[in-house]
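Have a look at the structure below before the remarks.
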Amino acid sequence: MKKTMNEPRVILGQAGVNQLGGVFVNGRPLPDCVRRRIVELALMGVRPCDISRQLLVSHGCVSKILTRFYETGSIRPGSIGATKTKQVATPSVVKRILRCKQENPGMFAWEIRERLLSQRNCEPSSIPSVSSVNRILRNSVPSQSWTSKSETLPIHK
């Protein structure tokens with residue numbers, strides 16, 4: 001029996017057949033060759049529902065791969081089982097944290113965090129944690145002492 005490009009290597013006990021007759025391994029990403037073909041067909045103007053039927057891949061899977069491709073330009077799957085980390089330390093927030101520390105070198109990370117909230121520099125849902133504030137301070141100015149107000153902060157672009 002000849003293998004088609006949309007049949008992943010079957011792991012015994014974990015493989016299945018979808019409603020279209022395509023073979024899949026539950027919880028595992030689609031092979032890159034199939035992902036590549038999905039994107040190629042979409043770029044040629046083939047509709048996702050037709051791609052789904054042609055490659056025997058569920059419409060949801062096709063949509064998910066195309067959405068990722070349109071958003072990131074990548075066909076690679078995301079990491080399995082990892083949660084997405086939210087970006088709370090935006091460049092403007094980092095600048096404000098560093099400015100607070102420069103203006104008041106004795107200020108603790110929790111105080112900086114509270115100031116960001118009270119000055120409405122961050123939404124309560126996106127405020128960096130105390131450990132994030134400490135990490136920003138530690139990584140942004142590696143060997144600088146915070147004892148002198150006359151010292152200037154390096155500019156990160």
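Quick note, the sequence shown lines up with residues 1 to 157 if you use UniProt numbering.
Here a beta-carbon is modelled for each residue, glycine too, at the ideal position from N, C-alpha and C.
None of these values were measured; they are calculated from a predicted model.
Consult DSSP for residue i and reduce its assignment to one of helix, strand or coil.
i, result
"V62", "helix"
"V57", "coil"
"V46", "coil"
What residues in its chain sit with their C-beta under 7 Å from that of residue i, if we drop five residues either side in the sequence?
i, result
"C100", "M107, I112, R115"
"A89", "P128, S132, I136"
"C49", "H59"
"L117", "P124, I127"
What span of residues does the alpha helix (DSSP H) with residue i cover, start to end?
i, result
"A109", "109-118"
"A42", "32-43"
"V17", "It is not in any alpha helix (DSSP H) - V17 instead sits in the beta strand (DSSP E) that spans 15-17."
"C100", "91-103"
"I136", "130-140"
When you compare only the Cα positions, how much space is there between residue i and residue j?
i, j, result
"R76", "R35", "8 Å"
"K2", "G73", "In this prediction, K2 has a pLDDT of 49, which is less than 50 and means its spatial position is unreliable; nothing more can be read from the coordinates."
"G27", "Q14", "9 Å"
"R37", "G16", "21 Å"
"P105", "V39", "53 Å"
"N139", "L98", "11 Å"
"V130", "I65", "36 Å"
"V93", "G45", "42 Å"
"R47", "T67", "13 Å"
Kindly list the residues whose CB is nearer than 6 Å to the CB of residue i, restricted to its own chain and excluding five residues on each side of it in sequence; keep chain order.
i, result
"N121", "R96"
"L41", "I51"
"S58", "N18"
Determine the burial state of residue i: buried for a count of at least 16 other Cβ atoms within 10 Å of its Cβ, exposed for fewer.
i, result
"V61", "It is Cys, not Val, that sits at residue 61 in the sequence shown. Buried, because 16 or more other Cβ atoms sit within 10 Å of the Cβ of C61."
"L43", "exposed"
"G22", "buried"
Give me, in chain order, the residues of the same chain whose beta-carbon lies closer than 8 Å to that of residue i; leave out the 5 immediate sequence neighbours on both sides.
i, result
"L20", "S52, R53, L56, V57, S58"
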